[in-house]
Structure formats: structure tokens, C-alpha cells
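**Q**
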Amino acid sequence: MTSQKLNTFLEDNLKELKDNGLYNEIDVLEGPNGSEITINGQKLINMSSNNYLGFSNDERLKAKANEATNIYGVGAGAVRTINGTQAIHEELEQKIAEFKHTEASVAFQSGFNCNMGAISAVMNKHDAILSDELNHASIIDGCRLSGAKVIRVKHQDMDDLRAKAKEAVESGQYEKIMYITDGVFSMDGDVAKLPEIVEIAEEFDLITYVDDAHGSGVMGKGAGTVKHFGLQDKIDFQMGTLSKAVGVVGGYVAGTQNLIDWLKVRARPFLFSTSLTPGASAACIEAIDIMSNSEEEHNRLWENGRYLKEGLDKLGFNIGNSETPITPCIIGDEKLTQKFSKRLTEEGVYAKSIVFPTVPRGTGRVRNMPSAAHTKDQLDKVVEIYEKIGKELNVIK
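For the sequence shown, the working numbering gives the first residue as 13, with consecutive numbering after it.
Structure (C-alpha cells):
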């Protein structure tokens with residue numbers, strides 16, 4: 013017989029989430045994750061994917077994945093430090109380092125694993141981490157796992173960062189101090205103020221860590237937010253994912269050779285998880301090659317992002333202050349946000365509601381992710397449906 017206490021806990025808390033409009037239903041796609049998807053037999057324009065460049069179903073990537081699978085097999089068969097490192101893994105890491113303009117890189121099984129492993133491999137209970145208050149959940153968990161003192165910094169507030177860095181240094185309590193920030197903040201689309209961050213970091217000898225999950229493939233002509241600002245030699249950790257713009261799965265940290273050598277012997281997700289599949293590794297290499305040799309997809313992504321923003325803004329929707337193609341439609345009330353998203357689906361647009369705890373209470377939004385794969389006709393249809401539902405639910409006049 014299962015635990016009655018557990019059952020009571022689960023039933024009570026699930027009911028509370030549903031009553032407050034905070035329970036998220038998981039939908040199942042009946043095909044590839046492209047600009048159009050099928051759920052329960054219904055074709056929908058997909059505005060919820062992080063597949064920025066349309067690579068997740070790209071024929072060039074699929075061909076490379078199949079080729080590598082035929083050569084290396086479907087799985088690596090072991091963790092990297094035993095005998096799970098194949099030539100394709102080293103090729104991928106060299107390719108990432110070249111793309112990010114660093115000495116070396118290390119690939120992980122996911123972006124979440126990167127932050128859990130890399131932060132805790134370097135920081136410990138004798139250290140402090142200054143962390144932007146809107147950083148991704150994986151950063152928060154990585155900081156907690158490290159045991160370091162975590163000091164929250166007001167979002168994008170450089171005066172607060174400087175004051176807290178000064179206080180931490182002058183306290184004499186910490187051996188090392190790190191500042192960690194998203195490169196692009198995924199819920200609002202704003203970009204970290206890296207030039208000012210670097211200036212403060214140099215003044216107080218802070219370790220700098222940039223989570224560029226939503227900047228890689230998007231900023232810096234694809235090479236990321238750090239490259240966008242030309243600060244490759246000023247940032248200690250460049251972390252990113254291989255699952256968003258790259259379109260596959262996995263994550264990486266790029267930096268100095270010494271840093272990567274250390275992570276390969278101390279980052280626990282690297283040490284105790286089986287390697288990326290050969291097929292995934294080969295597809296990632298192909299995506300990076302495409303981004304390195306052409307700006308076609310990158311330029312189309314940004315053009316589509318501007319086009320969608322203009323359409324929604326003209327209708328009177330609150331699209332926030334995004335500096336990237338990420339286009340939030342901020343509604344506020346959680347239940348209304350959930351209802352808005354449900355009506356979008358009913359009318360043919362798949363755009364998921366984002367509510368607490370992913371964003372602060374009262375800032376619920378429908379998050380739109382235009383991609384390089386969307387057509388102007390699709391985006392026009394999205395704007396048309398937004399107008400209909402916005403007026404129907406009194407979100408716009």
C-alpha cells in the first residue's frame with residue numbers, strides 16, 4: 013500500500029495549483045517541432061518552441077545524425093571518463109570552442125546539467141555568488157548545490173551589483189566571488205549589460221559566468237551575447253545549450269583550457285552521466301557549421317521577430333521591453349493568461365501561458381517565439397487571431 017501522507021500531499025497541492033490557474037497541462041506533438049505542429053489531430057501555428065533557427069527538423073542535420081549513428085551506434089555506452097568519449101564528442105567540443113572564440117569547451121547532456129555541474133565544480137561554501145534575481149532555475153539550483161553564499165542582485169541593476177560586490181569583497185568572508193547572469197533573459201527577452209558587468213567584475217576581481225542559452229544562435233550573428241559585445245576574452249564561463257537555436261539536445265561550457273580541464277574532472281553531471289549520443293553530436297556540429305558559414309537563418313529569425321512585434325504592438329498588446337525575437341504578451345492575471353492561451357489554441361495558434369513560479373505573480377504572459385522557419389503568412393494569421401481573442405477577453409480595445 014502506498015503512503016497515505018504522500019497521496020494527501022499530492023492531491024491537496026495539485027488541487028491548489030489547478031484552482032489558482034498554475035497547473036500546466038503537457039501537450040503531445042504528433043510529429044516534428046516546426047513552425048506548424050499537430051496536437052490531437054489539430055494543426056497549429058507553433059509560437060512556443062525555442063527552435064529559433066528551425067534546425068530541429070532540418071534535413072541537413074538529420075542526414076548527419078543518421079550518418080554518425082551508422083558509424084558510432086545509437087549510444088556512447090558509458091560515461092565520458094570511462095570509455096564513453098568518442099571522436100565525434102571531441103570534434104563537437106573543438107567546434108564549439110572555435111564558434112565561441114575560446115580555448116576549449118566541454119559538452120554536457122543538457123543545459124540544466126551545465127549549470128548544476130559547472131557552478132558547483134568551481135564554487136563552494138567558502139565563496140559567494142552574486143546572481144541576477146531573474147536568472148534561470150538551473151542557475152538557482154546550481155548555486156544552491158555549490159554551497160556558496162547566494163546574494164541576489166536586482167534585475168539588470170548595475171548600481172546594486174556594484175554595491176553588493178563591494179560589500180562582499182570588503183567583508184573578507186569569501187575566497188572567491190562570482191557574478192552570474194543570463195545573456196538573454198528568456199521570459200522578457202532583454203539582454204545582459206555585459207560591458208558594464210565586465211567593468212565591475214574587473215574592479216572587484218569577480219568571476220564572470222554568462223548563461224547564453226537564449227543568446228547562442230541568436231546574438232552575435234549566432235555566436236552569442238558575449239561575441240555580440242566582443243568580450244570573449246573577458247568572460248570566464250560561456251555556457252549555452254545545444255537544444256534551442258542549435259536544434260538538438262545538450263549543453264556546453266566554453267572557456268580557458270584550464271577551466272575545461274577542471275570541469276572534466278570535477279563537474280559531476282559530466283562524470284556520472286552517459287555521453288551525448290553520436291547522432292546528436294553530429295547534428296550539433298552540422299548546425300554550428302551552418303551558422304558559421306551563413307547568416308541566412310539568423311537574419312530571417314530577426315526579421316520575423318520584428319514583424320511579429322510590430323503587429324502585436326499596433327494592436328495595443330503589452331509586449332514588454334524585449335531586445336530579441338522573444339515576444340512576450342504580458343496579460344497579468346494568471347487565470348486570464350491561461351484562458352487566453354487556451355483560446356489561442358482553439359483558434360489555431362499554439363502559444364503557451366507562462367505564470368508563477370516561472371515569472372513573478374501578477375505578470376502572467378503568453379510567450380511567443382517567432383523562428384526563422386515561420387512565414388509572413390503564418391505571422392499575419394497569428395496577429396489576426398491575437399486581435400480576435402484580445403478583444404473577446406477585453407485585453408485590448
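For each residue, glycine too, the CB sits at the ideal point set by N, CA and C.
1. Could you check what DSSP says for Val-181 in three-state terms: helix, strand or coil?
2. Which residues in the same chain as Leu-29 place their Cβ atom closer than 8 Å to its Cβ, once the five residues preceding and following it in sequence are excluded?
3. What is the DSSP secondary structure of Lys-276, reduced to helix, strand or coil?
4. Given 8 Å as the limit, is there contact between the segment 269 to 287 and the segment 109 to 122, that is, 3 or more CB pairs closer than that?
5. Taking Cβ to Cβ, would you say Met-135 is nearer than 9 Å to Lys-178?
6. DSSP on Glu-48, reduced to helix/strand/coil?
7. Tell me the residue span of the alpha helix (DSSP H) that contains Pro-207.
8. Cβ of Ile-57 within 9 Å of Cβ of Lys-393?
9. In this structure, does DSSP put Asp-153 in helix, strand or coil?
10. Taking only three categories from DSSP, how would you classify Ser-306?
11. Hey, how far is the Cα of Leu-243 from the Cα of Thr-14?
12. With distances taken between CB atoms, is the gap from Ala-295 to His-113 smaller than 9 Å?
13. Are the segment 315 to 334 and the segment 90 to 106 in contact at 8 Å, needing three or more beta carbon pairs?
14. For Ala-385, which residues from the same chain have a beta carbon less than 7 Å from its beta carbon, with the 5 sequence-adjacent residues on both sides left out?
15. Please tell me whether Ile-151 and Tyr-191 are closer than 9 Å, where the distance is taken between their beta carbons.
16. Going by other Cβ atoms of all chains shown within 10 Å of its Cβ, with 16 needed for buried, is Lys-442 buried or exposed?
17. Is the beta carbon of Glu-309 less than 9 Å from the beta carbon of Gly-201?
18. Anyone know if the C-beta pair for His-240 and Gly-232 falls short of 9 Å?
19. By DSSP, does Val-265 sit in helix, in strand, or in coil?
20. When you compare only the Cα positions, how much space is there between Glu-346 and Gly-229?
21. According to DSSP, is Thr-20 part of a helix, a strand, or is it coil?
22. Looking at the structure shown, is Phe-120 part of a helix, part of a strand, or coil, going by DSSP?
23. Thinking C-alpha only, which one of Asp-171, Ile-338, Leu-313 and Glu-105 is nearest Ile-272?
24. Please report the straight-line C-alpha distance between Tyr-398 and Asp-169, rounded to a whole angstrom.
25. For Asn-380, which beta-bridge partners are listed by DSSP?
26. In or out: Glu-208 buried (at least 16 other Cβ within 10 Å) or exposed?
27. For Asp-172, which residues of its own chain have a beta-carbon under 6 Å away from its beta-carbon, when the five flanking residues on both sides are left out?
28. With the cut-off set at 9 Å, would you say Thr-193 and Asp-144 are in Cβ contact?
29. Does the beta-carbon of Ala-213 have 16 or more other beta-carbons within 10 angstroms, so that it is buried, or is it exposed?
30. From the DSSP output, in three-state form, read off Arg-373 for me.
31. How about Tyr-264 and Cys-155: do their beta carbons lie closer than 9 Å?
32. Provide the residue(s) that pair with Ser-143 in DSSP beta bridges, ordered along the chain.
33. Is Phe-249 buried or exposed, if buried means 16 or more other CB atoms sit within 10 Å of its CB?
34. Taking the CB atoms as reference points, tell me whether Lys-409 and Gly-328 lie closer together than 9 Å.
35. For the alpha helix (DSSP H) holding Tyr-398, just list the boundary residues, first then last.
36. Who pairs with Val-91 in a beta bridge, going by DSSP?
**A** Taking the geometry as given:
1. Taking the sequence shown and counting its residues from 1, one reaches residue 181 at position 169. DSSP places Val-181 in helix when its eight states are reduced to three.
2. Translated into positions along the sequence shown, residue 29 becomes position 17. Only Tyr-35 meet the Cβ criterion.
3. In the sequence shown, the residue the question calls residue 276 occupies position 264. Correct three-state label for Lys-276: helix.
4. yes
5. Residue numbering aside, residue 135 sits at position 123 when the sequence shown is read from its first letter. Residue numbering aside, residue 178 sits at position 166 when the sequence shown is read from its first letter. No, the Cβ-Cβ distance between Met-135 and Lys-178 is not below 9 Å.
6. Reading the sequence shown from its first residue, position 36 is the one you call residue 48. Here Glu-48 sits in strand by DSSP.
7. Start at 1 with the first residue of the sequence shown, and residue 207 comes out as number 195. 206 to 216 is the extent of the alpha helix (DSSP H) around Pro-207.
8. As a position in the sequence shown, residue 57 is number 45, starting the count at 1. As a position in the sequence shown, residue 393 is number 381, starting the count at 1. In this structure, Lys-393 lies closer than 9 Å to Ile-57 by Cβ.
9. Counting from 1 along the sequence shown, the entry for residue 153 is found at position 141. Asp-153 falls in the helix class under three-state DSSP.
10. Counting from one through the sequence shown, the residue named residue 306 turns up at place 294. If DSSP states are grouped into helix, strand and coil, Ser-306 belongs with coil.
11. Stepping through the sequence shown from its first residue, residue 243 is reached at position 231. Stepping through the sequence shown from its first residue, residue 14 is reached at position 2. In a straight line, the C-alpha of Leu-243 is about 55 Å away from that of Thr-14.
12. Reading the sequence shown from its first residue, position 283 is the one you call residue 295. Reading the sequence shown from its first residue, position 101 is the one you call residue 113. Against a cut-off of 9 Å, the Cβ pair of His-113 and Ala-295 comes out as no contact.
13. no
14. What you label residue 385 is simply residue 373 of the sequence shown in a count that begins at 1. Taken in chain order, the residues that qualify are Gly-46, Ser-47 and Gly-66.
15. In the sequence shown, the residue the question calls residue 151 occupies position 139. In the sequence shown, the residue the question calls residue 191 occupies position 179. No.
16. Since the first residue of the chain shown is 13 and the last is 409, residue 442 is not available in this structure.
17. Residue 309 sits at position 297 when you count from the first residue of the sequence shown. Residue 201 sits at position 189 when you count from the first residue of the sequence shown. In this structure, Gly-201 does not lie closer than 9 Å to Glu-309 by Cβ.
18. Residue numbering aside, residue 240 sits at position 228 when the sequence shown is read from its first letter. Residue numbering aside, residue 232 sits at position 220 when the sequence shown is read from its first letter. Yes; because the gap between Cβ atoms is below 9 Å, this pair is in contact.
19. As a position in the sequence shown, residue 265 is number 253, starting the count at 1. Looking at Val-265 - three-state DSSP - the assignment turns out to be strand.
20. Here residue 346 corresponds to residue number 334 of the sequence shown, with the count starting at 1. Here residue 229 corresponds to residue number 217 of the sequence shown, with the count starting at 1. If you take the alpha carbons of Glu-346 and Gly-229, they lie about 31 Å apart.
21. Stepping through the sequence shown from its first residue, residue 20 is reached at position 8. Here Thr-20 sits in helix by DSSP.
22. Here residue 120 refers to the residue found at position 108 when the sequence shown is read from its first residue. Residue state, collapsed to three classes: strand.
23. Counting from one through the sequence shown, the residue named residue 272 turns up at place 260. Nearest of Asp-171, Ile-338, Leu-313 and Glu-105 to Ile-272, Cα basis: Glu-105.
24. Along the sequence shown, read from residue 1 onward, the residue named residue 398 stands at position 386. Along the sequence shown, read from residue 1 onward, the residue named residue 169 stands at position 157. If you take the alpha carbons of Tyr-398 and Asp-169, they lie about 33 Å apart.
25. For the purposes of this step, residue 380 is taken as residue 368 along the sequence shown, with counting starting at 1. Thr-339.
26. Here residue 208 refers to the residue found at position 196 of the sequence shown. Under this definition Glu-208 is an exposed residue.
27. If you number the sequence shown from 1, residue 172 lands on position 160. Hits under 6 Å: Val-165 and Lys-166.
28. Sequence index remark: in the sequence shown, residue 193 carries index 181 (1-based). Sequence index remark: in the sequence shown, residue 144 carries index 132 (1-based). Result yes, Cβ atoms of Thr-193 and Asp-144 sit closer than 9 Å.
29. Your numbering for residue 213 matches position 201 in the sequence shown. Buried is the call here.
30. Residue mapping note: residue 373 aligns to position 361 of the sequence shown, counting from 1. Three-state DSSP puts Arg-373 in coil, outside helix and strand.
31. As a first step, residue 264 must be located in the sequence shown, where it is residue number 252. As a first step, residue 155 must be located in the sequence shown, where it is residue number 143. Not a contact, by the Cβ cut-off of 9 Å.
32. Here residue 143 refers to the residue found at position 131 when the sequence shown is read from its first residue. For Ser-143, which the question treats as bridged, DSSP gives the partners Arg-164 and Ile-192.
33. The residue given as residue 249 occupies position 237 in the sequence shown. Burial call: buried.
34. Along the sequence shown, one-based indexing puts residue 409 at 397. Along the sequence shown, one-based indexing puts residue 328 at 316. Yes. Within cutoff.
35. Residue 398 sits at position 386 when you count from the first residue of the sequence shown. Residues 388 to 404.
36. For the purposes of this step, residue 91 is taken as residue 79 along the sequence shown, with counting starting at 1. In the DSSP output, where bridge partners are listed per residue, Val-91 has Thr-286.
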